[in-house]
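**Q**
Chains as they are written, first to last, in our numbering: chain C, 698 to 1168; chain Y, 109 to 383.
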């Protein structure tokens, strides 16, 4: 997927002006935030489960190579072909090659964010193979001119029912429906022939289980089974960091993922896919593949950003992010939005292409509070800012301002003088209302709000002159 | 629990039901030396918050000193990625404040910078590093110091009217400041504390974020202001001047000339009949 993150500022402005989007984003605080809070509360011991899960993910990542090789061995033993891709583009080429090898003409897809990294649909189309998104949200986006998802769990969160009604009526060429149940049935009607005629299914993989060579999937719509079991060929594409050593590890993490993501104690469907159809078995694909994608992940191992690899893609950080709640996912400009995306995108596609992302956060810390994997997202964003500063990737005006300020702050006498003068100027500018409407050069502040003027001369000066609090 | 707890209680007497917290300032020799780090925003923008903090600390029996050489904790540099400047300012800060029993800060944000982030700014000088760790542990946000260390039950002021309290992010999430300011506000008999829908949601200030992404910052402020307005309280109190300037500025720009934005310390020392 092409990186558009350099347009964050302009795009976020457009998103703020889009009143329909603003209304749709309200779902985050009313539905998603509340849903998670409730689901967490019902878990008898959330904090200990969370700590347990964090340790299990850490153990897996500490010996990632070992667990991945174990996964490959076990999966291979059960008839799955495991392929490795250094880059998302390479992963795409592998999937296309698999499709060609099995004379595939149509691919049904279950939701996968890694396939978005890979721009898989485009690659399949270019090879003359028809990809059909079957997750309802992804289906809506695909028939809307291949619109990108705006959320990693709820790809179509930015749209409301009316927009989907209009879209269905236009694309399906049927009378307009406005009841969700009917609309879903109509989508099923259109998807059913694809499920039955697809030669290959592609899914993601929430986790890989090393001890059994399995792929674990958490879904809600039942389309996943139609993609992974029905066609002749099944390909799971996922990141190398998703491996868990044992099924027991999976059981612990499973208590957190749906709760953190959708506020469900468990997703509607949960599959553990192990191997291809064995002789004598009646269902399952004849050919099973897993494509393991690096795509920048191994570069995070052992470094400042390793914590990020624990991410289980629940989306809680973006659901709770004050910035995401206002601008939505498209403003971030690549596959992964919100706080986790603002760390992953620079790591995967390069800091120089994503200058705004580490900066576009208030560092309020709520993402860290809600992250089931305790990823210190604000610290990681700050570390990225450090990299930007070190590499001179911030505008000269900002660097100059910072240098001047730091010069003064290191010199108490000069600082005393500067604050006194600054206070005087601001008080004069504030006028009788003690509120400043415009400061040349400080439009970032005064374009959007007044600056309340200082209420009196600085504290330190009053203190030095002997003023004391009234007792 | 801090090691000085017993000592403090000894100096101000038993807190429960005692008039010591609300009466005249302790006349006994208050030997607990507290250094006030008043912070740059209080200094320049809201000096009365500094005086309110001194009043509260003295009322709790502390001997307050205001070191002259203080400037800034370095958070702007730290959050901008300029770690060398942040480290330098942190080291200066430690030297300035390490002589006190406690250091108290009328800002959750600056106190969080010191307590949580200074230890991350690893000083190359091992001696200074251990001194830094020691002084960070003695640094407190004002309301949590008053309640958790001094055992204050009743603030000295008197405020009549409805107030809603906004949890500023760093104080809440880095230092766990949530119940302490509410306890103090609720101890004021004529004050009607009204909780807003989501007091813990960020107001959108975010330091330089408010300038770099002013449009997003203001949009987040509007969400917070709607919550404040829904309580019907004519005043919102909080523990950080940064958030105060941001919200007050947005209120005035949106044509609201009356809703008051106060620092919690100002409320706690508010004089009856004053405004």
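Cβ coordinates follow ideal geometry from the N, Cα and C atoms, glycine included.
Taking the alpha carbon of residue 896 of chain C as the point to measure from, which residue in C:808, C:927, C:1027, C:920 has its own alpha carbon closest?
**A** As a working mapping, residue 896 of chain C is identified with position 199 in the first chain. Of the listed residues, the one whose Cα sits closest to residue 896 of chain C is C:927.
**Q** Identify whether residue 982 of chain C lies in helix, strand or coil by the three-state DSSP scheme.
**A** In the first chain, counting from the first residue as 1, residue 982 of chain C sits at position 285. Reduced to three states, the DSSP call for residue 982 of chain C is coil.
**Q** To the nearest angstrom, how far is it from the Cα of residue 353 of chain Y to the Cα of residue 1148 of chain C?
**A** On the second chain, position 245 is the one that residue 353 of chain Y refers to. On the first chain, position 451 is the one that residue 1148 of chain C refers to. Approximately 7 Å between the Cα atoms of the pair.
**Q** Mind checking if residue 312 of chain Y is an interface residue toward chain C, Cβ cutoff 8 Å exclusive?
**A** As a position in the second chain, residue 312 of chain Y is number 204, starting the count at 1. Yes, its Cβ sits closer than 8 Å to a Cβ of chain C.
**Q** Counting only runs of 3+ residues fully inside the segment 855-918 of chain C, write out the beta strand (DSSP E) ranges in chain order.
**A** If we require 3 residues or more, the beta strand (DSSP E) runs fully inside the segment 855-918 of chain C come out as 897-900, 904-906, 911-916.
**Q** Considering only residues of the segment 162-201 of chain Y, which uninterrupted alpha helix (DSSP H) runs meet the minimum length of 4 residues and lie entirely inside it, listed in chain order?
**A** Counting only runs of 4 or more, we get 183-187.
**Q** Using a 10 Å radius around the Cβ and a threshold of 16 neighbouring Cβ atoms, would you call residue 745 of chain C buried or exposed?
**A** Within the first chain, residue 745 of chain C is the residue found at index 48, counting from 1. Per the 10 Å Cβ criterion, exposed.
**Q** Check residue 1005 of chain C in the structure and name its three-state DSSP category.
**A** By one-based count along the first chain, residue 1005 of chain C stands at place 308. Residue 1005 of chain C falls in the helix class under three-state DSSP.
**Q** Is residue 1142 of chain C helix, strand or coil when you go by DSSP?
**A** Walking along the first chain from the start, residue 1142 of chain C turns up at place 445. If DSSP states are grouped into helix, strand and coil, residue 1142 of chain C belongs with the helices.
**Q** Which value, in whole angstroms, describes the spacing of the CA atoms of residue 1140 of chain C and residue 922 of chain C?
**A** For the purposes of this step, residue 1140 of chain C is taken as residue 443 along the first chain, with counting starting at 1. For the purposes of this step, residue 922 of chain C is taken as residue 225 along the first chain, with counting starting at 1. Approximately 54 Å between the Cα atoms of the pair.
**Q** Counting contacts by CB-CB distance shorter than 8 Å, is residue 706 of chain C in contact with chain Y?
**A** By one-based count along the first chain, residue 706 of chain C stands at place 9. Yes, contact with chain Y.
**Q** Residue 1142 of chain C CB to nearest chain Y CB: under 8 Å?
**A** Position 445 of the first chain, counted from the start, is the residue given in the question as residue 1142 of chain C. So, interface residue.
**Q** Go through its chain and collect everything with a Cβ distance to residue 133 of chain Y's Cβ below 7 Å, but skip five positions before and after it.
**A** Residue mapping note: residue 133 of chain Y aligns to position 25 of the second chain, counting from 1. Since pLDDT at residue 133 of chain Y reaches only 39, below the 50 mark, its modelled position is unreliable, and no value is offered.
**Q** Are the CB atoms of residue 894 of chain C and residue 937 of chain C within a distance shorter than 8 Å?
**A** What you label residue 937 of chain C is simply residue 240 of the first chain in a count that begins at 1. What you label residue 894 of chain C is simply residue 197 of the first chain in a count that begins at 1. No, they are not a contact pair.
**Q** Got a sec: is the Cβ-Cβ distance from residue 847 of chain C to anything in chain Y below 8 Å?
**A** Position 150 of the first chain, counting from 1, holds the residue named residue 847 of chain C. Chain Y contact via Cβ: absent.
**Q** Are the Cβ atoms of residue 684 of chain C and residue 1014 of chain C separated by less than 8 Å?
**A** Summary: the structure shown does not reach residue 684 of chain C, with chain C confined to residues 698 through 1168, and so no result is reported for it.
**Q** Using 8 Å for Cβ pairs, my map puts residue 303 of chain Y next to residue 157 of chain Y. What's the rounded Cβ distance?
**A** Within the second chain, numbered from 1, the residue matching residue 303 of chain Y stands at position 195. Within the second chain, numbered from 1, the residue matching residue 157 of chain Y stands at position 49. Rounded, the Cβ-Cβ distance is 23 Å, inconsistent with contact.
**Q** Under 8 Å between the Cβ atoms of residue 242 of chain Y and residue 341 of chain Y?
**A** Stepping through the second chain from its first residue, residue 242 of chain Y is reached at position 134. Stepping through the second chain from its first residue, residue 341 of chain Y is reached at position 233. Cβ distance not < 8 Å, so residue 242 of chain Y and residue 341 of chain Y don't count as in contact.
**Q** Measuring straight from C-alpha to C-alpha, what distance separates residue 741 of chain C and residue 747 of chain C?
**A** On the first chain, position 44 is the one that residue 741 of chain C refers to. On the first chain, position 50 is the one that residue 747 of chain C refers to. Going from the Cα of residue 741 of chain C to the Cα of residue 747 of chain C covers about 12 Å.
**Q** According to DSSP, is residue 210 of chain Y part of a helix, a strand, or is it coil?
**A** Sequence index remark: in the second chain, residue 210 of chain Y carries index 102 (1-based). In this structure, residue 210 of chain Y counts as strand in the three-state DSSP scheme.
**Q** In chain order, what residues of the segment 213-233 of chain Y put their CB closer than 7 Å to some CB of chain C?
**A** Listed by position along the chain: nothing, the set is empty.
**Q** Quick one, are the C-beta atoms of residue 934 of chain C and residue 788 of chain C less than 8 Å apart?
**A** Here residue 934 of chain C refers to the residue found at position 237 when the first chain is read from its first residue. Here residue 788 of chain C refers to the residue found at position 91 when the first chain is read from its first residue. Contact: yes.
**Q** Between the Cα of residue 813 of chain C and the Cα atoms of C:1058, C:798, C:801, C:843, which residue gives the shortest distance?
**A** Along the first chain, one-based indexing puts residue 813 of chain C at 116. Cα-wise, what sits closest to residue 813 of chain C is C:843.
**Q** In whole angstroms, give me the CA-to-CA distance for residue 700 of chain C and residue 1046 of chain C.
**A** For this step, residue 700 of chain C is matched to residue 3 along the first chain. For this step, residue 1046 of chain C is matched to residue 349 along the first chain. Their Cα atoms are separated by approximately 8 Å.
**Q** Taking the alpha helix (DSSP H) that residue 925 of chain C belongs to, which residues open and close that run?
**A** Here residue 925 of chain C refers to the residue found at position 228 of the first chain. First-last of the alpha helix (DSSP H) with residue 925 of chain C: 920-925.
**Q** Taking DSSP as the reference, what is the three-state secondary structure of residue 1015 of chain C?
**A** Residue 1015 of chain C sits at position 318 when you count from the first residue of the first chain. Residue state, collapsed to three classes: helix.
**Q** Which value, in whole angstroms, describes the spacing of the CA atoms of residue 717 of chain C and residue 709 of chain C?
**A** Along the first chain, read from residue 1 onward, the residue named residue 717 of chain C stands at position 20. Along the first chain, read from residue 1 onward, the residue named residue 709 of chain C stands at position 12. Going from the Cα of residue 717 of chain C to the Cα of residue 709 of chain C covers about 14 Å.
**Q** Taking 8 Å as the threshold (beta carbon to beta carbon), is residue 748 of chain C in contact with chain Y?
**A** To locate residue 748 of chain C, count along the first chain from 1; it is residue 51. With 8 Å as the cut-off, residue 748 of chain C does not count as an interface residue toward chain Y.
**Q** Are three or more beta carbon pairs between the segment 1103-1117 of chain C and the segment 329-339 of chain Y nearer than 8 Å?
**A** No, the segment 1103-1117 of chain C does not touch the segment 329-339 of chain Y.
**Q** Over what stretch of residues does the beta strand (DSSP E) that includes residue 248 of chain Y continue unbroken?
**A** Here residue 248 of chain Y refers to the residue found at position 140 when the second chain is read from its first residue. Start and end: 247-249.
**Q** Could you list the residues in the segment 265-277 of chain Y with a C-beta less than 8 Å from some C-beta on chain C, going in chain order?
**A** Within the segment 265-277 of chain Y, the qualifying residues are 277.
**Q** I want to verify the contact list: residues of chain Y whose CB lies under 7 Å from the CB of residue 1083 of chain C, in sequence order.
**A** Within the first chain, numbered from 1, the residue matching residue 1083 of chain C stands at position 386. Those are 189, 191, listed as they occur along chain Y.
**Q** Using a Cβ-Cβ cut-off of 8 Å, state whether residue 951 of chain C counts as contacting chain Y.
**A** Stepping through the first chain from its first residue, residue 951 of chain C is reached at position 254. No, residue 951 of chain C lies away from the interface with chain Y (no Cβ there is under 8 Å from its Cβ).
**Q** For residue 1033 of chain C, does the three-state DSSP call read helix, strand or coil?
**A** Position 336 of the first chain, counted from the start, is the residue given in the question as residue 1033 of chain C. Note: residue 1033 of chain C maps to coil in three-state DSSP.
**Q** I'd like to know whether the C-beta of residue 871 of chain C is nearer than 8 Å to at least one C-beta of chain Y.
**A** Working through the first chain from its first residue, we reach residue 871 of chain C at position 174. Not an interface residue.
**Q** Could you tell me whether any Cβ in chain Y is nearer than 8 Å to the Cβ of residue 1048 of chain C?
**A** For the purposes of this step, residue 1048 of chain C is taken as the residue at position 351 of the first chain. So, not an interface residue.
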